[in-house]
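*Asks:* Going by this note's numbering, 569 is the number at position 567 of the sequence shown; the sequence numbering is gapless.
Think of the CB as a built atom: it goes at the ideal place given N, C-alpha and C, for glycine as much as any other residue.
Before I ask anything, here is the structure I am working with.
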Amino acid sequence: MKTRTTGTPTHHPSLSGLNKTILTRLAKLGIAAKSELVLHLPLRYDDETRLYPINEAPQGQSVLVEGRVVTCEVKYRPRRQLVCHIEDGSGVLTLRFLNFYTSQQKQFAEGVRVRAFGEIRQGFFGDEMVHPKYRVVAADEPVSSALTPVYPTTAGLGQETLRRLIGRALADCDLSDTLPESVIETHRLPLFRESVLFLHNPPPDVAQSELQERRHPAWRRIKFDELLAQQLSMRLHHRRRRAAGAPALRPQNRLTHALQETLPFKLTSAQQKALAQIRHDLVQPYPMQRLLQGDVGSGKTVVAALAALQCVENGYQVAIMAPTEILAEQHYRKFSAWLEGLGVSVAWLAGSLRQKQKREALERVASGEAMVAIGTHALFQDEVEFHNLALAVIDEQHRFGVHQRLALRMKGTRPNKGAQPHQLMMSATPIPRTLAMSYYADLDVSVIDELPPGRTPVATRLIAESRRPEVIQRVRDACMAGSQAYWVCPLIEESETLQLQTALDTHAVLLQTFPELKVGLVHGRLKGEEKTAAMQAFQRGEIQLLVATTVIEVGVDVPNASLMVIEHAERMGLSQMHQLRGRIGRGAEKSTCILLYQNPLTETARERLKIIYENNDGFEVARHDLRLRGPGELLGARQSGVPLLRFADLAVDTDLLDAARDAAPALLQDHPDAAHAHLARWLGAKNEFLKV
Ligand code: ADP
Ligand code: MG
3 MKTRTTGTPT HHPSLSGLNK TILTRLAKLG IAAKSELVLH LPLRYDDETR LYPINEAPQG
63 QSVLVEGRVV TCEVKYRPRR QLVCHIEDGS GVLTLRFLNF YTSQQKQFAE GVRVRAFGEI
123 RQGFFGDEMV HPKYRVVAAD EPVSSALTPV YPTTAGLGQE TLRRLIGRAL ADCDLSDTLP
183 ESVIETHRLP LFRESVLFLH NPPPDVAQSE LQERRHPAWR RIKFDELLAQ QLSMRLHHRR
243 RRAAGAPALR PQNRLTHALQ ETLPFKLTSA QQKALAQIRH DLVQPYPMQR LLQGDVGSGK
303 TVVAALAALQ CVENGYQVAI MAPTEILAEQ HYRKFSAWLE GLGVSVAWLA GSLRQKQKRE
363 ALERVASGEA MVAIGTHALF QDEVEFHNLA LAVIDEQHRF GVHQRLALRM KGTRPNKGAQ
423 PHQLMMSATP IPRTLAMSYY ADLDVSVIDE LPPGRTPVAT RLIAESRRPE VIQRVRDACM
483 AGSQAYWVCP LIEESETLQL QTALDTHAVL LQTFPELKVG LVHGRLKGEE KTAAMQAFQR
543 GEIQLLVATT VIEVGVDVPN ASLMVIEHAE RMGLSQMHQL RGRIGRGAEK STCILLYQNP
603 LTETARERLK IIYENNDGFE VARHDLRLRG PGELLGARQS GVPLLRFADL AVDTDLLDAA
663 RDAAPALLQD HPDAAHAHLA RWLGAKNEFL KV
């Protein structure tokens, strides 16, 4: 294929001429070029084509009505509001505005004709519309003949402005087809130009439901295009990866077998399956790009360790990166215990190291004396040089941004003459396969869908704050009987200082409450060694009750802890609660997680608590989380990437996905220029970010 930079804005007229405020707001919507306005398609449509008599207007949907103003006044009870009555011969309707300008009151002079669009509800004083969209009109002004598009937007960018900008973009941009005729014919698709013009300005006679439900041929064309762009991008990334080259790490079965022999357990069959997939990838002469998903406690770490040993057996280095120092430190200790006995030396790199220790660690990594380097973000700093890095393991990968993962990968390219390290990402926030596919251009996924044997599921209890004394008794009983417990302090999002203060206060109170127990404290502001000291004391059983902020959310592993109290659980997100709860239930003893909540609960908080109470399976929790928060939040997409799919839904549009899969290879083969033009139109600059 000819090399040509994708996304060159040859037919991308710029947005210049717009003021900075608008540009910033457009950027928030992911729009940086004029052509991207063309693909900013309506979220839904308002039907303002039909004028209803007030007394015949259907309820439960937005309708257009028109009448003369009878009265209009400002009322002060129950709160300040503007109340306007209009009348059209068939009936009277109240228009109610809770936020309004004085100028609006003047607008509604008696006798003025007002056209209002909104949902009619049965109010206390008869039919009313709250905050309708409205316009003052002349007599016999014609109604709109087409549905009105409603666009996704952001604060400060009105529909009118967006509509105007989009209208101009449609006139200025190149809307010619990127698909060759053969593809259009085979899949019986309408033209691109026709489709976007139609969706932005639907004609009056269109079947509304087809449009709203996105089944109309114009929508299908857009979804096909989007899915095709995804397929093309996946193939190109895959191709590029295969061309990149990586050390082929054949299993020598020396160290890996030795470790398995010393482990006190056998791998579950799910672990074995995932490991087999990874081992197979590592043998290939091009870089692995695999995501290992598994619920909290499913045993991902040992799988990573065995992968690491396959690398070390071949004389290459491994980097293991974790998002928090507590977690990285724990990996360091675990890996040291497993590997040093096999003669493999492990280095520790974290931000909190003293200069001298750090220099030593850097030297050991650079010389290749340390075969495994474990740490936090510190691992991909400029000063870190590897002797021959061939595998990067990234734990809790969704906590890292695209750039950070790229930076770590680049560490392996120089010493290995351009070859890239293999990459293994791990996550305990399981995401559905279809969702992973719509966020990552080129990623293989392994799933550990089974917990090690002998675990008893954690029992979750919801207890109102008013019953705190019972909870305290319970903690005392458990600790006196030889168990250990976590006490998780409330999350305070607004202020880290406040959060720290709360942790200190909670710790002080619990020290007094439990004079007979050893109570420890960990939080994010502790120095590295203090944190370690507290965690180790807890691990060794010297501390019975550990007061903690959410820093213990990820990865911490203390099997003897069988009780957890989470304060103000109503403030926590689903995945976060599931992760926290995953810290217990790791030993043979029956574990309990107590969610202390404060009444009154908001509706979402109530729903979240119900879900976490009813579901122990991380995949189920993630599914609900996805429903409640949307994929962006779940994946931390704000920093980890741009969604590949905005219109198509992989679960619903399966026929289009098949069609796009069919079309992609032929397009790349026979019409490479068309394929690139298509990618440029759909992905533009985003393309670069999707490859990680
Ligand atoms: P996660 O997948 O959440 O990272 P870990 O790797 O921390 O889970 O494993 C949780 C615990 O389960 C650890 O104590 C680990 O040693 C143990 N473990 C892992 N695999 C098995 C197994 N096959 N049988 C028994 N215990 C296991
Ligand atoms: Mg883990």
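Since residue 39 and residue 168 should fall inside the 8 Å C-beta cutoff, what is the C-beta to C-beta distance between them, to a whole number of angstroms?
*Replies:* Walking along the sequence shown from the start, residue 39 turns up at place 37. Walking along the sequence shown from the start, residue 168 turns up at place 166. Contact flag correct, Cβ pair sits at about 5 Å.
*Asks:* How big is the Cα-Cα spacing for residue 340 and residue 577?
*Replies:* Position 338 of the sequence shown, counted from the start, is the residue given in the question as residue 340. Position 575 of the sequence shown, counted from the start, is the residue given in the question as residue 577. Straight-line Cα distance between these residues: approximately 30 Å.
*Asks:* Given a threshold of 16 other Cβ atoms within 10 Å of its Cβ, counted over all protein chains shown, does residue 683 qualify as buried or as exposed?
*Replies:* Position 681 of the sequence shown, counted from the first residue, corresponds to residue 683. Classification of residue 683: buried, given that the 10 Å Cβ count is 16 or more.
*Asks:* Just to confirm, is the Cβ distance from residue 97 to residue 88 under 8 Å?
*Replies:* Numbered from 1 along the sequence shown, position 95 holds the residue referred to as residue 97. Numbered from 1 along the sequence shown, position 86 holds the residue referred to as residue 88. Cβ atoms of residue 97 and residue 88: closer than 8 Å.
*Asks:* If you reduce the DSSP assignment to three classes, tell me which class residue 339 lands in.
*Replies:* Along the sequence shown, one-based indexing puts residue 339 at 337. Helix.
*Asks:* Output the residue ranges of the alpha helix (DSSP H) runs that lie fully inside the stretch 9-83 and measure 4 residues or longer, sorted by chain position.
*Replies:* As far as the stretch 9-83 is concerned, its whole alpha helix (DSSP H) runs of at least 4 residues are 22-30 and 36-40.
*Asks:* Give me the DSSP bridge partner(s) of residue 376.
*Replies:* Here the question's residue 376 lines up with position 374 in the sequence shown. Paired residue(s): 322 and 350.
*Asks:* Between the alpha carbons of residue 323 and residue 296, how many angstroms are there, rounded?
*Replies:* Here residue 323 is taken as the residue at index 321 of the sequence shown, counted from 1. Here residue 296 is taken as the residue at index 294 of the sequence shown, counted from 1. Approximately 17 Å, taken between the alpha carbons.
*Asks:* Would residue 393 and residue 260 qualify as a contact pair, given that the criterion is a beta-carbon distance under 8 Å?
*Replies:* Counted from its first residue, the sequence shown places residue 393 at position 391. Counted from its first residue, the sequence shown places residue 260 at position 258. The answer is no: Cβ separation not under 8 Å.
*Asks:* Would the beta-carbon of residue 120 fall within 8 Å of that of residue 71?
*Replies:* Mapped onto the sequence shown, residue 120 falls at position 118. Mapped onto the sequence shown, residue 71 falls at position 69. The answer is no: Cβ separation not under 8 Å.
*Asks:* Here's a check: name, in chain order, each residue in its chain whose Cβ is nearer than 8 Å to the Cβ of residue 106, leaving out the five neighbours to either side.
*Replies:* Here residue 106 refers to the residue found at position 104 of the sequence shown. Cβ neighbours of residue 106 beyond the five flanking positions: 84 and 99.
*Asks:* Return the CA-CA distance between residue 216 and residue 45, expressed in angstroms with no decimal places.
*Replies:* Locating residue 216 in the sequence shown gives position 214, counting from the first residue. Locating residue 45 in the sequence shown gives position 43, counting from the first residue. For residue 216 and residue 45, the distance between alpha carbons rounds to 10 Å.
*Asks:* Taking just the CA atoms, how far does residue 407 sit from residue 642?
*Replies:* Along the sequence shown, one-based indexing puts residue 642 at 640. Along the sequence shown, one-based indexing puts residue 407 at 405. Because residue 642 sits at a pLDDT of 41, beneath the cut-off of 50, its placement in the model cannot be relied upon, and the point is left open.
*Asks:* Could you give the distance in angstroms between the alpha-carbon of residue 14 and the alpha-carbon of residue 25?
*Replies:* Within the sequence shown, numbered from 1, the residue matching residue 14 stands at position 12. Within the sequence shown, numbered from 1, the residue matching residue 25 stands at position 23. With a pLDDT of 49 at residue 14, under the threshold of 50, the predicted position of this residue should be treated as unreliable, though the coordinate-derived value follows. Distance between the alpha carbons of residue 14 and residue 25: 16 Å.
*Asks:* What number of angstroms, rounded off, separates the C-alpha of residue 685 from the C-alpha of residue 228?
*Replies:* In the sequence shown, residue 685 corresponds to position 683, counting from 1. In the sequence shown, residue 228 corresponds to position 226, counting from 1. Cα-Cα distance, rounded: 9 Å.
*Asks:* Between which two residues does the beta strand (DSSP E) containing residue 247 stretch?
*Replies:* As a first step, residue 247 is located in the sequence shown; it is residue number 245 there, counting from the start. No beta strand (DSSP E) contains residue 247, which DSSP labels as neither H nor E.
*Asks:* Go ahead and pull the three-state DSSP assignment for residue 112.
*Replies:* Position 110 of the sequence shown, counted from the first residue, corresponds to residue 112. Coil at residue 112, not helix or strand.
*Asks:* With burial defined as no fewer than 16 other Cβ atoms inside 10 Å of the residue's Cβ, what is the status of residue 671: buried or exposed?
*Replies:* Here residue 671 corresponds to residue number 669 of the sequence shown, with the count starting at 1. With fewer than 16 Cβ atoms within 10 Å of its Cβ, residue 671 is classed as exposed.
*Asks:* Any idea what DSSP makes of residue 413, helix, strand or coil?
*Replies:* Sequence index remark: in the sequence shown, residue 413 carries index 411 (1-based). Of the three classes helix, strand and coil, the one that applies to residue 413 here is coil, per DSSP.
*Asks:* What does the alpha-carbon distance come out to for the pair residue 288 and residue 273?
*Replies:* Stepping through the sequence shown from its first residue, residue 288 is reached at position 286. Stepping through the sequence shown from its first residue, residue 273 is reached at position 271. Approximately 24 Å, taken between the alpha carbons.
*Asks:* Could you say which of 138, 28, 110 and 129 lies nearest to residue 153 if we only look at CA atoms?
*Replies:* Residue 153 sits at position 151 when you count from the first residue of the sequence shown. Closest by alpha carbon: 28.
*Asks:* With the cut-off set at 8 Å, would you say residue 559 and residue 527 are in Cβ contact?
*Replies:* The sequence position of residue 559 within the sequence shown is 557, counting from 1. The sequence position of residue 527 within the sequence shown is 525, counting from 1. Not in contact: residue 559 and residue 527 (Cβ atoms no closer than 8 Å).
*Asks:* Under 7 Å: does the beta carbon of residue 96 sit that close to some heavy atom of ligand 2?
*Replies:* Walking along the sequence shown from the start, residue 96 turns up at place 94. Residue 96: no, Cβ never under 7 Å from ligand 2.
*Asks:* Would you tell me roughly how many angstroms separate the C-alpha atoms of residue 240 and residue 615, rounded to the nearest one?
*Replies:* Reading the sequence shown from its first residue, position 238 is the one you call residue 240. Reading the sequence shown from its first residue, position 613 is the one you call residue 615. So the alpha carbons of these two residues sit roughly 41 Å apart.
*Asks:* Once the 5 residues before and after residue 766 are set aside, which same chain residues still bring their CB inside 6 Å of it?
*Replies:* The structure shown does not extend to residue 766, since the chain is modelled only from 3 through 694, so no value can be given for it.
*Asks:* Given residue 342, which residues of its chain have a CB within under 8 Å of its CB, disregarding the five upstream and five downstream residues?
*Replies:* Position 340 of the sequence shown, counting from 1, holds the residue named residue 342. The residues are 348.
*Asks:* Helix, strand or coil for residue 178, going by three-state DSSP, please let me know.
*Replies:* Along the sequence shown, one-based indexing puts residue 178 at 176. DSSP places residue 178 in coil when its eight states are reduced to three.
*Asks:* Take every Cβ of the stretch 377-391, pair it with every Cβ of the stretch 315-331, and state whether three or more of those distances are shorter than 8 Å.
*Replies:* With the cut-off at 8 Å, the stretch 377-391 and the stretch 315-331 touch.
*Asks:* Within the present structure, is the beta-carbon of residue 720 separated from the nearest heavy atom of ligand 2 by less than 7 Å?
*Replies:* Outside the shown range of the chain (3 to 694) lies residue 720, about which nothing can therefore be said.
*Asks:* Can you tell which of 356, 610, 619 and 533 has the C-alpha that lies nearest to the C-alpha of residue 630?
*Replies:* Numbered from its first residue, the sequence shown carries residue 630 at position 628. Per the Cα distances, 610.
*Asks:* Would the beta-carbon of residue 302 be found less than 7 Å away from any heavy atom of ligand 2?
*Replies:* Taking the sequence shown and counting its residues from 1, one reaches residue 302 at position 300. Flag set: Cβ of residue 302 near ligand 2.
*Asks:* Anyone know if the C-beta pair for residue 486 and residue 550 falls short of 8 Å?
*Replies:* Residue numbering aside, residue 486 sits at position 484 when the sequence shown is read from its first letter. Residue numbering aside, residue 550 sits at position 548 when the sequence shown is read from its first letter. Going by C-beta atoms, residue 486 is not nearer than 8 Å to residue 550.
*Asks:* Mind checking whether the beta-carbon of residue 273 lies closer than 7 Å to any heavy atom of ligand 1?
*Replies:* Position 271 of the sequence shown holds residue 273. Correct: residue 273 has its Cβ closer than 7 Å to ligand 1.
*Asks:* Per DSSP, what kind of secondary structure is residue 383 in: helix, strand or coil?
*Replies:* Position 381 of the sequence shown, counting from 1, holds the residue named residue 383. Coil at residue 383, not helix or strand.
*Asks:* Could you name the residues of the same chain whose beta carbon sits closer than 6 Å to that of residue 94, not counting the 5 residues immediately before and after it, in chain order?
*Replies:* The residue given as residue 94 occupies position 92 in the sequence shown. Only 87 meet the Cβ criterion.
*Asks:* For residue 1 and residue 602, what's the separation of their Cα atoms in angstroms?
*Replies:* This structure cannot settle anything about residue 1, because the visible part of the chain is limited to 3 through 694.
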